[in-house]
Ligand code: UT7
């Protein structure tokens with residue numbers, strides 16, 4: 116292995132803590148069998164999902180994001196007032212504005228911080244992470260809180276069997292800080308957007324194109340619409356392409372990685388990417404069975420799973436990757452530093 120660690124940044128940046136949160140209420144495949152024409156065998160075989168966590172009515176993205184953030188800061192042992200920036204990746208903000216980052220800032224008591232929301236669907240966490248890393252590498256900030264959080268149940272049509280089986284609610288937060296002497300932290304990333312894929316996965320209602328009206332509600336425009344096969348094909352191709360590019364230009368192969376943490380949209384997409392990378396299956400983190408697709412929260416939730424299972428430790432070389440609505444594609448390579 117010859118890892119070409121880039122040295123352009125005077126300051127290197129790392130993830131220094133993590134916190135995750137899912138609401139307690141479960142929606143199992145057995146529950147869904149009573150709601151739509153589906154069955155556990157189909158869902159398990161096609162997606163690998165067994166259950167999802169769903170919020171109670173009245174619980175919003177800022178609530179679950181704040182819970183994850185509190186755990187993240189408690190583990191690091193710092194008060195919220197030390198946080199300088201809050202970036203919330205989400206496609207299910209509490210409302211059109213203000214930004215969910217502002218609501219989280221207030222709930223956390225992160226007085227003095229600035230922040231914003233970032234919309235990149237399932238790649239939201241990967242893009243927000245990279246943005247936070249750059250804010251630290253630039254020397255502008257020393258403590259950036261990056262959160263991926265979605266209440267997908269708020270935009271799901273629970274009469275549509277093609278989408279309602281896929282998604283769950285959840286949140287994950289990481290803290291970005293400068294590396295200490297000798298640490299490497301974030302190494303490299305590959306990101307790409309392809310807006311020609313927009314029609315394949317979207318929520319068409321509620322924005323400036325189709326403002327909310329009785330007609331948009333009746334046409335179910337405030338729900339997720341997905342061409343599953345089109346997204347599947349793109350995801351399989353681009354997840355492999357982005358990760359291969361990243362490994363090749365850093366002089367390593369899948370076998371050099373301690374851990375591959377992909378977006379959890381479909382177990383088959385994950386396994387086919389891992390196979391192309393030559394990653395042994397036990398180095399691939401899969402928790403989609405427990406959480407479903409939580410959009411911006413899947414990767415931090417999977418990071419936590421990896422730590423809990425003893426598969427993610429200090430000094431490990433980690434690859435994360437995502438494909439989502441947009442289309443958006445993201446991959447990043449880092450050393451785990453805590
Ligand atoms: O994170 C955001 C990005 N999203 C993704 O990455 C999702 C990518 N796409 C997928 O994961 C898969 O396309 C799905 C899991 C959504 C669907 O799996 P598929 O193997 O592509 O199934 P399909 O859409 O080709 O449907 C096969 C059959 C159809 O019936 P016919 O036309 O063959 O009679 C569907 O109507 O399965 C039927 N079907 C279902 N049957 C039972 C669709 N949904 C269900 C269901 N239960 N829930």
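In this note's numbering, the protein residues as written are 116 to 453. Ideal Cβ placement from N, Cα and C applies to all residues, glycine included.
With contacts defined by Cβ atoms closer than 8 angstroms, residue 339 and residue 158 do not form a contacting pair.
Within the model, the alpha-carbon separation for residue 310 versus residue 383 is close to 24 angstroms. In this structure, residue 444 lies near residue 353, with their beta-carbon atoms less than 8 angstroms apart.
Looking at 133, 284, 192 and 143, the one whose alpha-carbon comes closest to that of residue 411 is 284.
Counting along the chain, residue 419 sits inside the alpha helix (DSSP H) bounded by residues 413 to 423. The residue among 328, 308 and 337 with its C-alpha nearest the C-alpha of residue 318 is 337. Under the 8 angstroms Cβ criterion, the region 247 to 258 does not count as touching the region 164 to 171, having fewer than three qualifying pairs. Annotation note: the region 348 to 386 contains the following uninterrupted beta strand (DSSP E) runs of length 3 or greater, listed N- to C-terminal: 374 to 377. Assigned with DSSP and collapsed to three states, residue 451 falls in coil, not helix or strand.
Between residue 389 and residue 375, the gap from beta carbon to beta carbon is short of 8 angstroms. Close CB contacts of residue 301 within its chain, under the 6 angstroms cut and outside five residues either way in sequence, are with 128, 248 and 449 (chain order). In the three-state reduction of the DSSP assignment, residue 301 falls in the strand class. In the structure shown, the three-state DSSP call for residue 153 is coil. Annotated as proximal: residue 407 and residue 282, with beta-carbon spacing under 8 angstroms. Annotation note: the region 206 to 239 contains the following uninterrupted beta strand (DSSP E) runs of length 3 or greater, listed N- to C-terminal: 229 to 233. For residue 332, the enclosing alpha helix (DSSP H) stretches over residues 329 to 333. Membership of residue 188 in the alpha helix (DSSP H) is indicated by the continuous run 176 to 191.
Non-local C-beta neighbours of residue 184 in its own chain, meaning closer than 7 angstroms and more than five positions away in sequence, comprise 134, 219, 223, 260, 262 and 288, ordered along the chain. Within the region 248 to 301, the complete alpha helix (DSSP H) segments of 4 residues or longer fall at 276 to 279, listed in chain order.
The C-alpha of residue 427 is placed about 8 angstroms away from the C-alpha of residue 418. Distance from the CA of residue 370 to the CA of residue 405, rounded to the nearest whole angstrom, comes to 27 angstroms. Judged by the Cβ position, residue 340 fails to qualify as a neighbour of the ligand UT7 at the 7 angstroms threshold, every heavy atom of the ligand being at least this far. Apart from sequence neighbours up to five positions away, the residues of its chain that approach residue 312 with a beta-carbon distance below 7 angstroms are 349, 441 and 442, ordered along the chain. With a beta-carbon spacing of about 5 angstroms, residue 360 and residue 305 fall inside the 8 angstroms limit used to define contacts. In this chain, the beta strand (DSSP E) harbouring residue 167 covers 166 to 168. Residue 126 sits in coil when the DSSP states are folded into three classes, being neither helix nor strand. Judged by DSSP in its simplified three-state form, residue 339 adopts coil rather than helix or strand. Residue pairing from DSSP places residue 446 in a beta bridge opposite 305 and 436. With a 10 Å radius around the Cβ and a threshold of 16 neighbouring Cβ atoms, residue 327 comes out exposed.
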